[in-house]
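Structure first, commentary second.
Protein chains: 2
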Amino acid sequence: MNHTTAEQVPEPTEPLKYLSKKEAAVIEKELLNEYRFGHQQLIEIWGHACAHAITKAFPLSAFSKKQPTVLVICGPEQNGSVGLVCARHLRIFEYEPTIFYPKRTQNTMYQDFTTQCEKMDIPFLSYLPTEVQLINDAYNIVIDAILGTESDHGEEQEPFTSILTTLKQVKIPMASVDVPSGWDADKANADGITPEVLISLNAPKKCAKGFSGKHFLAGRFLPYDIQKKFDLNLPEFPGTDSLVEL
Amino acid sequence: MNHTTAEQVPEPTEPLKYLSKKEAAVIEKELLNEYRFGHQQLIEIWGHACAHAITKAFPLSAFSKKQPTVLVICGPEQNGSVGLVCARHLRIFEYEPTIFYPKRTQNTMYQDFTTQCEKMDIPFLSYLPTEVQLINDAYNIVIDAILGTESDHGEEQEPFTSILTTLKQVKIPMASVDVPSGWDADKANADGITPEVLISLNAPKKCAKGFSGKHFLAGRFLPYDIQKKFDLNLPEFPGTDSLVEL
Chain L
1 MNHTTAEQVP EPTEPLKYLS KKEAAVIEKE LLNEYRFGHQ QLIEIWGHAC AHAITKAFPL
61 SAFSKKQPTV LVICGPEQNG SVGLVCARHL RIFEYEPTIF YPKRTQNTMY QDFTTQCEKM
121 DIPFLSYLPT EVQLINDAYN IVIDAILGTE SDHGEEQEPF TSILTTLKQV KIPMASVDVP
181 SGWDADKANA DGITPEVLIS LNAPKKCAKG FSGKHFLAGR FLPYDIQKKF DLNLPEFPGT
241 DSLVEL
Chain B
1 MNHTTAEQVP EPTEPLKYLS KKEAAVIEKE LLNEYRFGHQ QLIEIWGHAC AHAITKAFPL
61 SAFSKKQPTV LVICGPEQNG SVGLVCARHL RIFEYEPTIF YPKRTQNTMY QDFTTQCEKM
121 DIPFLSYLPT EVQLINDAYN IVIDAILGTE SDHGEEQEPF TSILTTLKQV KIPMASVDVP
181 SGWDADKANA DGITPEVLIS LNAPKKCAKG FSGKHFLAGR FLPYDIQKKF DLNLPEFPGT
241 DSLVEL
């Protein structure tokens, strides 16, 4: 028999690491290439954990509106796909998500994530009202899954500059996935949107350092060797939860 | 705006459906072809839910052995891959899984799931001791992820007939994934292995009807239309749990 005793992971004594955009990209590349995780698998894990985080930050019982409506705004890349998976699991958790997904791509995997939502009867908006009051009235919260670590602050293009302008005026709470859209992963944007909740994937990014809202770390699957190699010093996750509040 | 109010799912009043092998196959095909779920995504969802079930049935605090060792036996097909994912998440939940995976395939996705475990430092056994006492002494429980709905009772071939012979003599508790190996999905095998725990995926199979052990339903993601179409009458899942005890 070839049984070796697995090492217990010691509680981190060093402070939690905040990743630069570059470090986040290196870790993701390593997960895909060395550890052989699949994109589909990672997006499913992250999206599920995001939905879980939303249930913690905004439990159904806390909504003032009659219907537990949630607006999920999805960008064209990976961050948007995490939003699609999040919306699907929120539906399973008995929320009523509506998706706005203005710029779709030819990526088959992203198209499949879209179909999964459509076949779950999750409505898709054909446009985002510019009259902000309509959004405030129709939804309890907005989930911002527009742009993640891949975006450089300032390079946003239409329709996303208009969407961000709208979101800056919205009065209902907002939760951002990984990086608040319009921020740079390396630095907060004081003139940008101000989410109440931030859900960091894998590890927080540098821009989250001074974040004063509710901050969750989501996605409990990182191999211990990756955690060690990049000195992530992740906190302990409670029970079998896929997320932890920082 | 195109927002429609999503229907709330009523509590089932009809009894839970037990699927025939054929029905289980039809549902899986529909999930893949119509709903555009991916194999990788489904196996990740199921494996994670199985690990979650193991933490409920066998909490770390309940183990009598000093190390929280778990032996996961994986078959060559999908059931075995669910076992690999389960082992990986058990490691994240601070169990100490060891995998026995005697018959690997050329399937790239299954190979990737294997690499993910290897890179998590989960040990793989090169053979299963025929001396049953060695298994009883080394592990707290055995997880049987050998054969699922795809297998016909009686068609098992080596090395699986020998493994099942060994497992029948094992004294530590056993948990089976979806269908206890050596059983037919449509009918329990009185002469087969007798797991203490059964983790049904999507919906229970006919063979589980008289099951007297702890029975979990794992994988909380089935679209409501599939649940309705096949009259599954699934019970309510507690909170955000990905499983429910039946």
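In order, the protein sequence lines correspond to chains L and B. Just so it is clear: in the first sequence, position 83 is 83 by the UniProt record's numbering, and no numbers are missing. Just so it is clear: in the second sequence, position 117 is 117 by the UniProt record's numbering, and no numbers are missing. Positions of the beta carbon are idealized from the N, C-alpha and C atoms, including for glycine.
### Query
For L/T165, is the classification buried or exposed, using 16 other Cβ atoms within 10 angstroms of its Cβ as the cut-off for buried?
It is exposed - the Cβ of L/T165 has fewer than 16 other Cβ atoms within 10 Å.
#### Entry: Buried/exposed call for B/A6, threshold 16 Cβ in 10 Å
A caution first: B/A6 carries a pLDDT of 47, below 50, which makes its placement in the model unreliable, though a value can still be read off. When all chains shown are included, B/A6 counts as buried.
### Nearest neighbour of L/K17, chosen from L/T108, L/L217, L/P204, L/K229 [CA to CA]
L/P204
### Query
Does the beta-carbon of B/D191 have 16 or more other beta-carbons within 10 angstroms, so that it is buried, or is it exposed?
exposed
### Message
Residues in the same chain with beta-carbon distance under 7 Å from L/G213, minus the five sequence neighbours each way, listed in chain order, please.
### Response
P195, E196, V197, L198
### Query
Any idea if B/Y127 is buried or exposed, counting beta-carbon neighbours within 10 angstroms, 16 or more meaning buried?
exposed
### Query
Going along the chain, which residues of the region 115-141 of chain B sit with their C-beta nearer than 8 Å to a C-beta in chain L?
T115, Q116, K119, M120, D121, I122, P123, F124, L125, S126, P129, L134, A138
### Query
Excluding five sequence neighbours on each side, which residues of the same chain lie with their C-beta closer than 7 Å to the C-beta of B/E30?
I226
### Message
Taking the alpha-carbon of B/N116 as reference, which of L/E77, L/Y224, L/I172 has the nearest alpha-carbon?
### Response
Checking the sequence shown, residue 116 of chain B turns out to be Gln, not Asn. Here the closest residue by C-alpha is L/Y224.
### Residue(s) in a DSSP beta bridge with L/L217
In the DSSP assignment, L/L217 is bridged to L/S200, L/V244.
### Message
Please identify the residue among L/I143, L/F113, L/A218 whose C-alpha is closest to the C-alpha of L/L167.
### Response
The option with the nearest alpha carbon to L/L167 is L/I143.
### Message
Quick check on L/P223 - is its C-beta less than 8 Å from some C-beta in chain B?
### Response
yes
### Task
Can you give me the Cβ contacts of L/L90 inside the same chain, cut-off strictly under 7 Å, excluding the 5 residues immediately before and after it?
Here the set comprises A51, I54, V70, P97.
### Query
By the 10 Å Cβ neighbour count, where 16 or more other Cβ atoms means buried, how is B/A208 classified, buried or exposed?
Buried, because 16 or more other Cβ atoms sit within 10 Å of the Cβ of B/A208.
### Task
Return helix, strand or coil for B/V179, following the three-state DSSP convention.
coil
### Message
Determine whether the beta carbon atoms of L/I122 and L/I146 lie at a separation below 8 Å.
### Response
no
### Task
Kindly indicate which three-state DSSP category L/M174 falls into: helix, strand or coil?
strand
### Query
What in chain B is Cβ-close to L/G38, meaning under 7 Å?
Q40, D112
### Task
For B/S200, count neighbouring Cβ atoms within 10 angstroms of its own Cβ and tell me buried if that reaches 16, exposed if not.
buried
### Message
Give me the chain L residues within the contact set of B/T105, using Cβ-Cβ distance strictly less than 9 Å, ordered along the chain.
### Response
None at all; the shortest Cβ gap to chain L is about 15 Å.
### Message
What ranges does the beta strand (DSSP E) occupy inside the region 91-173 of chain L, keeping only unbroken runs of at least 3 residues that lie completely in it?
### Response
96-100, 141-145
### Query
Between which two residues does the alpha helix (DSSP H) containing L/I193 stretch?
Where L/I193 is concerned, there is no enclosing alpha helix (DSSP H), given that its DSSP letter is neither H nor E.
### Task
On a CA-only basis, which of L/K119, L/K228, L/F160, L/L243 is nearest B/Y35? Give me that one, please.
L/K119
### Task
Note down the Cα distance separating B/V26 from B/T149, rounded to an integer number of angstroms.
A direct Cα-to-Cα measurement between B/V26 and B/T149 gives close to 12 Å.
### Query
Would you report the Cα separation of B/K65 and B/A138, rounded to the nearest angstrom?
9 Å
### Task
Compute the beta-carbon to beta-carbon distance between L/F216 and L/L243, rounded to the nearest angstrom, for a pair I have assumed lies under 8 Å.
5 Å
### Query
Roughly how many angstroms lie between the CA atoms of L/E94 and L/P15, to the nearest whole one?
In a straight line, the C-alpha of L/E94 is about 37 Å away from that of L/P15.
### Query
DSSP three-state call for B/K187: helix, strand or coil?
strand
### Message
Output needed in chain order: residues of the region 22-34 of chain L with a Cβ under 8 Å from some Cβ in chain B.
### Response
E34
### Query
The alpha helix (DSSP H) with B/L31 in it runs from where to where?
Per DSSP, B/L31 belongs to the alpha helix (DSSP H) from 21-33.
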